[in-house]
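Chains as they are written, first to last, in the numbering used here: chain A, 1 to 141; chain B, 142 to 649. A short worksheet on the structure shown next.
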Amino acid sequence: MSGHSNWPEWVYIGVVICLLAYVGAEAWNVERLVDHAPAEAEIIKVTGQQWFWTFEHADGTKEIGELHVKKGQPYKFEITAKDVNHAFNIHDYVVLQDAVVGRVNTVWFAPEQAGEYTIQCREYCGLLHYNMRATLYVEEN
Amino acid sequence: MVLELQKPRPIWQIMFSTHHTDVGLLYTITSLTFFFMGGALALGIRAELFYPGTQIISDSMTFNRMFTVHGTTLIFLFLLPFASAVGNYFVPIMVRYKDMAYPKLNAVAFWMIPPGGALIWLGFADFTWYATPPYSAISAPGPAADMWIFAQKILGVSSILGAINFIVTILKCKHPDLPLSKAPLLAWSFLSSSLIIIVAVPTFAAALVMLLTDRLGVSGFFDPAKGGDPIAYQHLFWFTFHPEVYVLVIPAIGMMYEIIPRFSRKPIFSHGSGIFAFVMLSIVAFSSWAHHMYSTGMSFTEKTVFMIGTLAAVPASAMHVFNFLATMWGGRIKFATPMMWAVGGIALFFSAGAGGVANSAMPFDFITHDTYWVVGHFHLFVMGTIAFGSIGFLYYMFPYITGRMYNEAAGKAHFIMSFVGTVMVFFTQHVLGLYGMPRRVFDYMPLPEYIVMNQIASVGAMIIGASMVIWIINMIYSSAKGKEANMEDPWGLGGKYYFPHQAKNPHH
Ligand code: HEM
Ligand SMILES: [Cu+2]
Ligand SMILES: [Cu+2]
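Here it is in structure tokens:
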């Protein structure tokens, strides 16, 4: 190495590593909470296929292209796909989970605001991927 | 190395040559051709997205094919060959050898690229540059997909051959008076990126064979009905292509290591930390592939492991940035065109890296993954850092290649327009991603935020496009009519240069 001292570089690397450790710890902590669905969560089966979404509630009722849920109630989605992979996404509630053929992936959420939200596919799945949307209706109890 | 435009050689002499500068020239011309072809598709995509609804592209399948070929072209047919171009020109000179270790193999590696490119463009597949099954196995149409797969096999072999050649040239053919630790950082960058290629690419080669046999119906590696798993493909794919992003960026950083000390008229702040960071990058590049797969249903533990692996790669990149800034600090900087591109590239490298750190935090990734944020993130790297470094380096090589000087004012205009355009396109795309606009969409919901952001991005893309026209004109005009360069010191910086134009090796 050259003759001059390298201490500024070491200080700088130290600061970078501290920042990364902070980001990592925060992310780990948040993810820990997000990853565990509450026990009372109601199960909704979600199926993605070219190019629409089907939802099946715990009581057996099915919906296509729209999903009605109750405000304040936690829900656990069991997500799968029929033909090719898709990704189930409710952007306003930071819900994102791939719908994979042959697998059941889960994710949960508890809507806090009544209203209408967009559900969309976020994994490229062919011709009408851009239009593979559904509507989420959050209703007052 | 001089193209001898004054005393032109017939084109076939260059085409059938195996001399490293001739092969380098072929690589340069090919990669730039694909740059403009891929760029044209990008302008088409941005024009389509200027308004919601259907504009100029008649159907979404055409659009899907366009972005697939756009991405494939720019990564495999522009960035990778461009790095090989620079390596061919400079690596033998930097290790003081007469040519590449295996000149014929070198020419073979180059000549695999045009057929690969032809297959990609004639096929015009639609399954995105990562060809994920089951889509790529069952519904991607006909010969297009098979042509794409075959092209990727050819290009993969080409890059492995090239990598072997660089490694042997650097390690075995280096002049005995030159210790490896004193070899220029550009040579080190080729050594590290070639090592990554050799470890990473065979994995994808295996995945492609499995995908092809799945398509032919004789296997079911990725088909759950036959006991396979589509996620397995994604692991194989990203095990290759996460490290591959470092294969792309490392040579660009090496190019900046040539430009920045030269135009700062100061030695590199720390040669040793540059080497260390390259070697670190090529190792930790392998620890983070599944950060592309947080949402595929990984367990909490897996996600945590890959987040840590991803963050571990950051200090090495940060060391390069530090090295650049510390080199410029207190230097007598001359902001000629190559230096402007390099410095602009560093600024964008830093912003892109910051976005990468954000992505690696898994809860945040659920907001950004597969949205326009990701498009903005990696384009800041591929366009903002890698292409900027490459274009700057091409200006730097210009007098050596042509014996003439490019037009400095046009070069600066090219840079300023490209920089403004790049910020307009890719920063805006980050915001679009936060609003939730998915990537790879032919159309978007007509929300006012979406429309404004998409329009800013489209205008930015047109500015970049216009700047590239200035570039082409400058390159063509100046290589024929530009003023003769002072080959000892084209920018009047003083100090020592490599003298590639004096490499008096017979053309063989
Ligand atoms: C060194 C240059 C880099 C390049 C060329 C690069 C390139 C890319 C590319 C091409 C993608 C998108 C792949 C796709 O989905 O099509 C991507 C995504 C990603 N990058 Fe980078 N990247 C670089 C550095 C980094 C760094 C330093 C980090 C982290 C600290 C990072 C973290 C990520 C993450 C987490 C994703 C996944 C985002 C998602 O899909 O949700 N990248 N990068
Ligand atoms: Cu989709
Ligand atoms: Cu990656």
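The beta carbon of each residue, even a glycine, is placed where N, CA and C say it ideally should be. This structure is a prediction, so every number in the text was calculated from the model and none was measured.
The shortest C-alpha to C-alpha distance from B/Gly635 to any of B/Gln375, B/Ser405, B/Thr344 and B/Gly361 is the one to B/Ser405.
At a cut-off of 7 Å, the beta-carbon of B/Ser429 counts as near ligand 3: some heavy atom of the ligand is closer than that.
Closer than 7 Å to some heavy atom of ligand 2: that describes the Cβ of A/Tyr124. The continuous alpha helix (DSSP H) containing B/Tyr387 extends over residues Pro371 to Ser405.
Rounded to whole angstroms, the Cβ separation of B/Leu422 and B/Ala459 is 11 Å, and the two are not in contact under 8 Å.
With distances taken between CA atoms, A/Leu127 lies nearest to B/Asp200 out of B/Tyr591, B/Ser559 and B/Asp200. Straight through space, the alpha carbons of A/Val101 and A/Lys82 are spaced by roughly 6 Å. For the stretch 29 to 61 of chain A, residues whose beta-carbon sits nearer than 8 Å to a beta-carbon of chain B comprise Val30, Glu31, Arg32, Val34, Asp35 and Gln50. Restricting attention to alpha helix (DSSP H) runs no shorter than 4 residues, the stretch 219 to 258 of chain B encloses them at 221 to 235 and 244 to 252, ordered along the chain. Against chain B, a Cβ distance below 7 Å from A/Ile17 picks out Pro456.
About 6 Å separates the Cβ atoms of B/Leu332 and B/Ile308, confirming a contact at the 8 Å cut-off. Residue state for A/Glu112 is assigned as coil, using DSSP reduced to three classes.
By the Cβ rule, the stretch 149 to 156 of chain B does not count as touching the stretch 572 to 587 of chain B, because fewer than three pairs are nearer than 8 Å. Under the Cβ criterion of 8 Å, A/Glu9 is counted among the residues facing chain B. Taking a beta-carbon distance threshold of 8 Å, A/Gln113 does not count as an interface residue toward chain B. Spanning the alpha carbons of A/Thr54 and A/Val46 requires a straight line of approximately 6 Å. In the three-state reduction of the DSSP assignment, B/Leu190 falls in the coil class, being assigned neither a helical nor a strand state. If you check each beta-carbon in the stretch 117 to 141 of chain A against every beta-carbon of chain B, the ones closer than 9 Å belong to Thr118, Gln120, Cys121, Arg122, Glu123, Tyr124, Cys125, Gly126, Leu127, Leu128, His129, Tyr130, Asn131 and Arg133.
Remark: the C-beta of A/Met132 is in contact range of ligand 2, defined as less than 7 Å to any heavy atom.
Interface annotation, B/Asp355: not in contact with chain A, CB-CB separation never under 8 Å. In this structure, the alpha-carbon of B/Leu336 lies about 12 Å from that of B/Leu312.
DSSP places B/Ile508 inside the alpha helix (DSSP H), whose first and last residues are Met503 to Thr509.
A straight line joining the alpha-carbon of B/Thr468 with that of B/Ile557 spans about 23 Å.
B/Gly525 is the residue among B/Gly525, B/Thr512 and B/Thr269 whose C-alpha sits nearest the C-alpha of B/Ala488.
Against chain A, the beta carbon of B/Asp511 has neighbours under 7 Å at Ala87, Arg122 and Glu123, listed in chain order. Annotation: Cβ neighbours of A/Gly24 in chain B (cutoff 7 Å, chain order): Met448, Ile449 and Leu452.
Taken atom to atom, the span from the alpha-carbon of B/Leu166 to that of B/Thr445 is near 45 Å. Here the C-alpha atom of A/Val23 lies approximately 29 Å from the C-alpha atom of B/Ala598. In the displayed model, B/Gly496 falls within a helix according to three-state DSSP. Straight-line measurement puts the Cα of B/Pro325 at about 41 Å from the Cα of B/Arg206. Look at A/Tyr12: its C-beta is under 8 Å from a C-beta on chain B. Between the stretch 360 to 370 of chain B and the stretch 392 to 403 of chain B there are fewer than three C-beta pairs closer than 8 Å, too few to call the two in contact.
Secondary structure note for B/His571: it is in no beta strand (DSSP E), and the uninterrupted alpha helix (DSSP H) holding it is Thr569 to Leu575. For A/Val69, the enclosing beta strand (DSSP E) begins and ends at Glu66 to Lys70. Here A/Ile79 carries a strand assignment [DSSP, helix/strand/coil].
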